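Single-structure report; data block below.
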Amino acid sequence: MAGYRKLGRTSSQRKALLRNQVTNLLYNGKIVTTEAKAKEIRRIAESMIALAVKEKDNFETVTVMTKVPRKDKDGKRVKDTVDGKKVTVYDEVEKEIKKDMPSRLHARRQMLKTLYAVTEVPQDNAGRKKNTKKVDMTQKLFDEIAPKYTSRNGGYTRIVKIGPRKGDAAMEVLIELV
Numbered sequence: 103m104a105g106y107r108k109l110g111r112t113s114s115q116r117k118a119l120l121r122n123q124v125t126n127l128l129y130n131g132k133i134v135t136t137e138a139k140a141k142e143i144r145r146i147a148e149s150m151i152a153l154a155v156k157e158k159d160n161f162e163t164v165t166v167m168t169k170v171p172r173k174d175k176d177g178k179r180v181k182d183t184v185d186g187k188k189v190t191v192y193d194e195v196e197k198e199i200k201k202d203m204p205s206r207l208h209a210r211r212q213m214l215k216t217l218y219a220v221t222e223v224p225q226d227n228a229g230r231k232k233n234t235k236k237v238d239m240t241q242k243l244f245d246e247i248a249p250k251y252t253s254r255n256g257g258y259t260r261i262v263k264i265g266p267r268k269g270d271a272a273m274e275v276l277i278e279l280v
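If you read the sequence shown in the working numbering, its first letter stands for residue 103, the second for the next number, and so on.
Here it is as structure tokens:
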């Protein structure tokens, strides 16, 4: 007997489907899918949340000096002429960054093996590339999702049966983060 559900797909299709659904579950908080898929999604999502809960505070804060381009009142970079060429003017600024400890870095990379990159598009600019931004799902796991579940020992998701789907009568369920 297999240790997982095959879902009627080849291994590459199945992995892509599960990666997509787990990413959407963690990004949106809930999704509607079939019961068999939801049970597989639950396995992956709960292990990722458990990993994030375990490693959420495992970092150190470091102060670094960085160069930032100087900007004018319109938000455009300030240019200066040096030897007949226009060059951007930079200011040195102190910044505090979070530096992952080795175990948290390993956890982050394990999550990146499963999660897809999410691009957030504003509603008013739907279909345009302007003002889109990438969402770092691992950072969202560490900063937003993991703190909610620190006092909880597993059971981070809930599966609620909705009813049979109209087309093929497959049992549809709502899987959501508790």
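Don't be surprised by glycine CBs; every beta carbon is placed ideally from N, CA and C. In this text the structure is predicted, and so the values were computed from the model without any measurement.
Put simply, the backbone Cα of Lys173 is about 26 Å away from that of Val223.
Bounds of any alpha helix (DSSP H) do not take in Pro249, whose DSSP letter is neither H nor E. Nearest neighbour of Leu217 by Cα position, chosen from Ala104, Arg111 and Lys117, turns out to be Lys117. Taking C-alpha positions only, Ala209 is separated from Leu153 by approximately 7 Å. In the DSSP secondary-structure assignment, Asp182 is bridged to Val189.
For Ser205, same chain residues with a beta-carbon under 8 Å away, outside a window of 5 residues either side, are Glu157 and Asn160 in chain order.
When rounded, the separation of the alpha-carbon atoms in Leu243 and Pro266 is 32 Å. Within the same chain, and ignoring the five residues on either side of Thr252 in sequence, the residues whose Cβ sits closer than 7 Å to its Cβ are Val155.
Annotation for Leu120: Glu142, Ile143 and Ile146 place their beta carbon closer than 7 Å to its own, counting only its chain and skipping 5 residues before and after. By the 16-neighbour rule on beta-carbons within 10 angstroms, Gln241 is exposed. Residues of the same chain with a CB within less than 7 Å of the CB of Thr234, apart from the 5 flanking positions on each side, are Thr221, Glu222 and Val223 in chain order. A buried status is given to Ala248, since no fewer than 16 other beta-carbon atoms sit within 10 Å of its beta-carbon. For the pair Lys178 and Tyr192, the CB atoms are not nearer than the 9 Å cut-off. Among the bridge pairs identified by DSSP, Thr259 is matched with Leu279.
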